[in-house]
Amino acid sequence: MVFPKILLVLVILPYLYCESLDDDGFHNINTSIQLISRFSQNQIHGSILFSQHSLIDDIILISVSLNNFGDSLQWSWQIKEFPVDYTILADRCSDKNLGNKLLNFDDTFGELTLENHTRLQFSISKSILELTGPLGIWYRSLLLKDNAGNTICSTIMAKDDSELRVAEAKFQTRFFGSIYIVWVGISRSLMDAVIFTNLEDRKSLKTELTTNNWKIFSTDVLESILDKSKLNCDALQILYDPESNGLGDLGGRLGPVQIGKKSLIRDTNLATFDIEYDSRALYMVLFDSERADNILDCAQINLKKSITLKGFVNETKIKLELTLWQKSKFEVTNVYTKADSIQNDITLRLHEMPSIPKTYKTSSNINNSCLGIGKIFNPTGKLFPAEAGRLTHDKYAIGDLSGKYNYDSSSWDTYLPLFGSYSVIHRSLVININNEILTCTTLIPFTGPNSQTKVAYLTSEAIFRYPLVGRIVFRQPIDIGATETVIIVESLVHADGTTLKDSDDHRWSINIQPPGKDFYNWMDRCKSAGPIYDPHKVVKNNMTFSCSKSLKYCSVGDLSSRLNSLSIAGNKLNAIGVSRHMFVDEYMSLFGINSIIGKSLVIYGDHGPEARGDRLACSKIEKVWHRKAVVKDWYSDTEINSVSGKIELFQLSEYDPVDFEINLQGVQGGYDYYVYSNSVDGGLDLPCESSNLYEIWDPWNNKEIGGLRYGDWSLRFGSIHGARTVSAIGNDTHAQLFGQLVFLGRSVMIHGMPSKKRLVCSTIERGYAPSEAREIRAMASFHNPNGFLYGYIRMTQLVYNDGSKSDTVIEINLHYPGLYNKNMTKNHKWAIYVNPVGIDATVKDHGTRCTAAGYIWNPYYTQLADPLNVKLYEDECGPDQPLRCYVGDISGRLGNIDVGSHSMVFSDPNLPLEGDISAIGRSIIVFSKNGYEKLGCANIEYDKDIIKYVNVRKTTKYETTHFFEAVRNAMGVPDWMITVDSRKTKILHNGACIQYLVHFKGALANELESDFSKLLAIGHLPAQTLKISGYYPTNVKLKIPYQGCPVYNKKLASSISSAGMRITGFFLVITASFTLNIFLYG
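Those letters in the sequence shown? Residues -18 to -1, 1 to 1064, by mature numbering (1 follows the signal peptide of the UniProt record, and there is no 0).
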């Protein structure tokens, strides 16, 4: 029987594999199982395929397809115990990493002679080599070694069309390391399953090996998610055994687990093992080797999903989509490129960091498209650009994609990890043309290589304000399993005025407690932060001596030992180059019981004053909440408004694109839609006019250079083109809902045909759930008749349930006093001062005007050591470093304002409206144009908004404007404190009455609503509602010739005409039809 089989192999083999000789191009449809090893190391590039043929079930076919770019021809080849860990960049093929030799192919086939374009074929009996099963080679490694000792290695993986699942139990307490459970299948049928263990005894670090019993336990289905997250190992009581066959008793089925030595165990019984339960959690439990019932340690088993990263480029010269996909850390990364047009002089590279988000406006001479991306990602320190000629992946910088495989539509990379501390997640894909940066985009995770669904991030931040300023961001993808945390050190700058020099080697750590007010103390600074966060008791177990960048037996909070130290720039010009860094950490988490959110981040200064201690600065780590904007309340300049529906914008953080969803109905006649600079004033008869909304928002002045305007949503999201309904979903990588250039507080206008025709408009408002946050509103009202400015400054901010705050949106509407005063001046500075003002706001002398305000508000003691150095302050404070400005110096970080012109909208990332540090109760000062003389001032107070429906009796020649003018004069309030929603105005009782929806705003909204009702009830007030310090009006008309309208009564309908019949005193008791009274305090 042997001879016929050998003859069959010799005859059929060449025909079966005629298509398998291309580089990694194995396409044989007659093979049932295929395993592959891919190499690109030490000048050997290609793959080796292991196949079990469906017609010859006991013969394994081996096809070698390798290119040799070097001089070494003879290579030994052998099967090793363990898979290759592709997160290891140096010495990954050592015996320490790959284990012992299991099978030496030299004994069977001899050494491989490798030349360029080597194609070899071998066959071996299944009794000697099995692909899967108890003696299978799947998920072991193949090692090649030349006579000089150079090695190359690769995991023996299933082909790309296979399905792979990986689960990890990560131990960090008594034991250190992981237990991986890996399944592989084709067409949803299991082929094989292995358990790969790599554990060390963290407490004793014994040199001898120990064996411990191990089991899988389950939590109770009735336990809450919070209970599961706080679970103690001793509380685990339920053995995981869903089919009563002892599946979870690993020690009983497989024998004890080895501690201090790697092992790989094949266990096909795990086919029934499913860890994706919503109702319970599974734990890997390790027992004492001497006391069988004593639990030493446990770790939750989490599904470790594959990682897919994508980068999108949509430019005039190139449209490209790059997809990176790695199934597990033990397999190579697949690379897919889709491009509409690629020029020969365009190259693709990965750089160290994401670009600085466009949250502020930069000067025209600065290219802000790819700021802060760092150098090409090259942790191995390879020569860049690489030497000319054909090289393998290990000879290139990790980020040199074009160097490694040019523009192949489909490729793979052995040195492009998506897992581990050298992962390229969240780094920049940079497009270069003639070695100049054309554009860049951030690599963000998706749910799969063929999916367009992004994986969401949980984001937290630590903001430093004294004695240095800056921000450190922590980001961890949601729903990829127990995965890495990205740390972005945006910028750190000395800000107290003591030094202008850069400083290095600053230790940093996560500490247990949030900091108190001792963050600015001169003695024992930041002591309130407590000790370094150490949930796994590394310090208690005297293991700190084993903490390093390689061993990593570290406290979770010991970042400088595990990652690297920090640098602090002496000025903001050096901040990007000196202090900006990015790390990927495998040991901290933003989720669960060991979450770092709510703790403190401490930066150390080991060379400071002894009394201060070694802690330089500290800040609380707070969650960054997503931002949402909604456009839904539509206004029209005509009585006809058929538009309904809404536009929603959503952004997780400034590093993510803005997702949009458009659902509009009744937009027939519409063509284009744009974002305009200002919000809609619903009280105007023509709310959509340009005098109100100003112009299409274009903060970058792109129109002047022929670019796409920031507010041109038609070109970004697609035009309406006369459709009756519009539905669209997508994202915008240029828009922002964070920082200074947000859409919030502005408006959307739908244009018709011709293009100047304005159909409808709506304000872009915040969207939030009341269960997550509440909105704080404040207003500085300039309404003193003896003052020098007239108008208001409104501010709104979200305060989340955990105390964190959103950016503050500011609306400014100021002009000079006088109904017909049309003067307009520009370039006014404005600031918040520490105290409120009084009658001094109306003093004519500039030197004494607004003196009660005191001095500019500086709660974080910015530049405290050198407060008189104005030049230093002006050089450092700006939109690009708003934290370096005094909190009260709004113009320093946002820019100056105009008086007498259109309304203006700003967004301030550093203006709190609630808490121990709040702008409310202070004063805001506007200075003269191009100068520092105080022009006008007003106090910042809470801005309430009370809504009420009222019915008013129409008189002869009744006009709405005349009615509200009389009411405001009698109550002594400006028009912005009592407004009306023009959309809700209705004619009642056959024209006899008119109904309004009235808004009462400001700190006195309650009193305004009460006096308004009294005014309609009795026709007059005893005194004006709004009392102004130092102003005593004369000849005030406290009476109005208007009255409330009674509730409609059919018996009286005939006696009520539309002309003006007087209502008897009996009906004056009922003067306002109150249907809604909502108090909005934020």
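Built from N, CA and C at the ideal position, the CB exists for glycine as well.
When C-alpha distances from Y404 are compared across N360, T90, L96, the shortest belongs to N360. Per DSSP, the continuous alpha helix (DSSP H) segment holding A987 begins and ends at 987 to 1000. Distance from G693 to W679 at the Cβ level is roughly 4 Å; contact confirmed, criterion being Cβ atoms closer than 8 Å. The DSSP-derived three-state label of M953 is helix. Within the segment 293 to 350, the runs of beta strand (DSSP E) that reach at least 3 residues and sit entirely inside it are, in chain order, 301 to 308, 315 to 321, 328 to 333.
By the 16-neighbour rule on beta-carbons within 10 angstroms, T465 is buried. For the 7 Å CB-CB criterion, N49 and N98 form a contact. Straight through space, the alpha carbons of N766 and V1018 are spaced by roughly 15 Å.
Under the three-state reduction of DSSP output, A901 falls in the coil class, being neither helix nor strand. The beta carbon of Q16 lies closer than 6 Å to those of S33, K141 in the same chain, with the five residues before and after it left out.
Judged by beta-carbon spacing, L979 lies beyond the 7 Å limit of Y914, meaning their Cβ atoms are not closer than that value. Taking C-beta separations shorter than 6 Å and ignoring five residues to either side along the sequence, the partners of F632 in its chain run K610, D641, following chain order. The alpha-carbon separation between C670 and V451 amounts to approximately 42 Å. Within the model, the alpha-carbon separation for P517 versus S537 is close to 7 Å.
Around the beta carbon of E297, fewer than 16 other beta carbons lie within 10 angstroms, which makes this residue exposed.
A151 and Q23 do not touch by the CB rule: their CB atoms are close to 31 Å apart, not below 8 Å. A direct Cα-Cα distance of roughly 37 Å separates Q977 from C919. From the listed residues D53, L850, F64, the smallest Cα separation to N129 is found for D53.
About 6 Å separates the Cβ atoms of D40 and S107, confirming a contact at the 8 Å cut-off. DSSP places Y387 in no beta strand (DSSP E) but in the uninterrupted alpha helix (DSSP H) bounded by 383 to 387. Taking a cut-off of 8 Å for Cβ pairs, the segment 467 to 476 and the segment 550 to 560 touch, as three or more such pairs fall below it. Close CB contacts of D478 within its chain, under the 6 Å cut and outside five residues either way in sequence, are with P449, L846, A847 (chain order). Under a 10 Å Cβ-count criterion, Y1014 is classified as exposed, with fewer than 16 other Cβ atoms of the shown protein chains found around its own Cβ.
DSSP lists no bridge partner for I494.
For R904 against W812, the beta-carbon gap comes to about 13 Å, at or over 8 Å, which does not count as contact. A379 counts as buried, since at least 16 other C-beta atoms from the protein chains shown sit within 10 angstroms of its C-beta. Judged by pairs of C-beta atoms under 8 Å, the segment 749 to 759 does not touch the segment 817 to 824, as fewer than three such pairs exist. Using a Cβ distance threshold of 7 Å, Y515 and N546 do not count as a contacting pair.
Short of 6 Å from the beta carbon of E643, and not among the five residues preceding or following it, lie these beta carbons of its own chain, in chain order: E630, I711. I18 and V455 have their C-alpha atoms some 40 Å from each other. Around the CB of K916, 16 or more other CB atoms lie within 10 Å, so the residue is classed as buried.
A Cβ-Cβ separation of about 6 Å places R409 in contact with E334 under the 8 Å criterion. Secondary-structure assignment with DSSP links C352 through no beta bridge to anything. By the neighbour-count definition (other C-beta atoms within 10 Å, threshold 16), Q863 is a buried residue. Using a 10 angstroms sphere on the CB of D588, the tally of other CB atoms stays under 16, which defines it as exposed. Restricting attention to V267, F446, I792, the CA atom closest to the CA of G233 is found in V267.
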